[in-house]
Amino acid sequence: MVLGPSRHWLAQRLFGPKRPSPCGRHRAWPMSRAVTALVLALGASLPAGLGAAFVSTTPAAAQEEPRRPAAVRRAEPAFTEKQRINANTVGVVAGRIDSSYLAAAQDMSAVLDDGNEFRVLATIGKGALQNVEDVLHLQNTDIGITQSNVLSYLKKTGELGPDIADRVRYIAKLFNEEVHIVAGSAVADVRDLDGKKVNFGEKGSGTRLTAELIFEALGIKVVPVNLVQSDALVAVQKGEIAATVMVSAKPSPIFDILRLKGELKLLPIPYEEALEADYLPTRFTHEDYPTIVPQGEMIETVAVPAVLAVYNWKKGTDRHRRAGMFVERFFGKFEEFRKVPRHPKWREVNLAADVPGWQRFDAASEWLAANAARTTAAAGPDQGIDAQRRAFQEFLASQRDGGAGVSAAQQEALFRQFLDWMNKTGAANAPSPPAPSPAQAPAAGAPSGPRLW
189 MVLGPSRHWL AQRLFGPKRP SPCGRHRAWP MSRAVTALVL ALGASLPAGL GAAFVSTTPA
249 AAQEEPRRPA AVRRAEPAFT EKQRINANTV GVVAGRIDSS YLAAAQDMSA VLDDGNEFRV
309 LATIGKGALQ NVEDVLHLQN TDIGITQSNV LSYLKKTGEL GPDIADRVRY IAKLFNEEVH
369 IVAGSAVADV RDLDGKKVNF GEKGSGTRLT AELIFEALGI KVVPVNLVQS DALVAVQKGE
429 IAATVMVSAK PSPIFDILRL KGELKLLPIP YEEALEADYL PTRFTHEDYP TIVPQGEMIE
489 TVAVPAVLAV YNWKKGTDRH RRAGMFVERF FGKFEEFRKV PRHPKWREVN LAADVPGWQR
549 FDAASEWLAA NAARTTAAAG PDQGIDAQRR AFQEFLASQR DGGAGVSAAQ QEALFRQFLD
609 WMNKTGAANA PSPPAPSPAQ APAAGAPSGP RLW
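Under the working numbering, the first residue of the sequence shown carries the number 189, and numbering increases by one thereafter.
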């Protein structure tokens with residue numbers, strides 16, 4: 189039999205003289221390599237169809253796809269669990285470590301935690317304005333805590349696009365944050381800051397945004413600087429800057445942390461018409477800041493509501509599903525936020541409250557519509573004064589002009605002043621703060637002292 193060139197070469201390799209190795213010893217081909225080469229050569233020498241069939245019946249070629257390593261196969265259940273955990277985790281971007289936003293997000297994480305079934309991952313953020321941008325752009329950020337005036341600012345500036353109102357929604361209005369303007373004792377009035385250096389907080393923060401809008405609305409031209417609040421308060425004490433603006437739910441712990449006393453003061457902010465659209469009237473008392481506000485005095489200021497913001501995801505998407513999971517649990521377990529050790533500010537939240545200028549996320553609207561009776565019964569303590577509010581509205585309507593020309597914000601300011609007057613004069617019908625339920629009463633050994641918000 190005459191061998192072809194390839195088969196002749198193979199025979200020589202298998203049965204011919206052994207090759208000397210570099211060390212002088214003869215070396216033969218390893219048997220496994222020899223057998224593999226023989227099989228392939230024989231298959232190639234057969235007719236095309238038969239050769240292909242011959243090769244395809246070898247064990248290595250018989251499988252449709254290669255088997256994965258055993259380590260990968262054993263990891264499959266764990267990989268599925270990892271996917272489930274990620275699918276059930278919602279990211280909430282908050283604020284700095286000393287901010288009321290982060291305190292709120294930490295409460296959400298604690299109350300809504302359900303192991304691998306649902307988790308809230310609270311992350312430190314850079315402030316109200318940056319949080320909206322993070323909600324729009326960051327992959328693992330589903331929800332952000334921001335200020336209600338951010339949307340009107342972004343509409344005006346267009347810095348995040350002209351369609352910002354269509355891309356962002358809100359889930360719920362949270363607590364109100366008071367605007368603090370802290371100045372040296374030599375500054376008597378907020379208008380005395382005209383032409384002086386005033387700290388607006390860090391870039392991207394809600395404080396910077398609010399400070400800019402308030403001074404613009406009041407027509408006061410200051411020289412803004414951007415410092416962290418701890419540095420800014422020290423700079424005010426040293427006289428390096430005239431004042432600093434801070435937006436934080438009262439009482440802010442930073443005053444206690446820095447032990448700020450009489451050399452600093454809180455400046456009153458007049459509730460003028462230019463502020464009515466985005467802010468609410470409020471005040472600081474000695475009970476809020478014993479070392480700064482004298483006993484029996486009150487300092488007028490304004491507050492801006494905090495809101496839970498979310499991207500306007502389309503129904504059927506995974507991100508919409510995640511946001512819907514958060515809505516279901518946050519609304520469904522909201523009564524837990526009103527219990528110790530959660531901060532009493534949660535008791536002021538009314539989930540059904542609207543935020544002017546914003547549109548509510550569809551999953552939140554649907555939940556509220558389906559649970560209308562439940563949310564009415566669970567309304568915050570501000571709803572406990574509904575009778576007084578109705579009486580006040582009837583009083584306005586009974587006036588000669590029926591209250592014409594009085595804006596909603598002015599009515600709210602008058603109503604708050606009316607309640608304060610009733611409380612101070614001891615009027616019989618004055619509403620009193622809601623008594624905590626047994627579930628809300630402080631337990632023995634419960635944490636006490638100021639919270640972050």
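Idealized CB from N, CA, C, for every residue including glycine.
Asked	Found
Let me know if A216 comes out buried or exposed under the rule of 16 or more other beta-carbons within 10 Å of its beta-carbon.	Bear in mind that the predicted position of A216 carries a pLDDT of just 48, short of 50, making it unreliable; the figure below should be weighed with that in mind. Exposed, since its Cβ has fewer than 16 Cβ neighbours within 10 Å.
Is there contact here, the stretch 528 to 543 with the stretch 389 to 405, by at least three beta-carbon pairs under 8 angstroms?	no
Please report the residue range of the alpha helix (DSSP H) in which F514 lies.	D506 to G520
Would you say A293 and V280 are within 8 angstroms of each other, going by their C-beta atoms?	yes
To the nearest angstrom, how far is the alpha carbon of P622 from that of A420?	At P622 the pLDDT is 37, less than 50, meaning the model places this residue with poor confidence; the figure from the coordinates comes in the next sentence. Roughly 37 angstroms separates the two Cα atoms.
Quick check: what's the CA-CA separation for D301 versus G372?	44 angstroms
Could you tell me which uninterrupted beta strand (DSSP E) segments, each at least 3 residues in length, are contained entirely in the stretch 320 to 393, listed from first to last along the chain?	331 to 335, 356 to 372 and 385 to 387
From this set, R272, N276 and G392, which residue's C-alpha is nearest R510's C-alpha?	N276
Would you grab the beta carbon distance between L455 and V386 for me? Rounded to a whole angstrom, and I think it's under 8 angstroms.	That belief does not hold up - the Cβ atoms of L455 and V386 are roughly 10 angstroms apart, past 8 angstroms.
Drop a sphere of 10 angstroms on the beta-carbon of V490, count the other beta-carbons inside from all chains shown, and report buried for 16 or more, exposed for fewer.	buried
So who's on the other strand from L421, going by DSSP bridges?	DSSP lists no partner for L421.
Since S436 is in the beta strand (DSSP E), which residue starts that stretch and which ends it?	A431 to S436
Among the residues of its own chain, which have a CB less than 7 angstroms from the CB of A316, if the five just before and after it don't count?	T334, Q335, V338, S393, G394 and L397
Mind checking N274: buried by the 16 CB within 10 Å criterion, or exposed?	exposed
Is there contact here, the stretch 487 to 503 with the stretch 458 to 471, by at least three beta-carbon pairs under 8 angstroms?	yes
Using the rule of at least 16 other Cβ atoms within 10 Å of the residue's Cβ for burial, across every protein chain shown, is E475 buried or exposed?	exposed
Using 10 angstroms around the beta-carbon of R272, count the other beta-carbons present and answer buried if the total reaches 16, otherwise exposed.	exposed
With the cut-off set at 8 angstroms, would you say V433 and V367 are in Cβ contact?	yes
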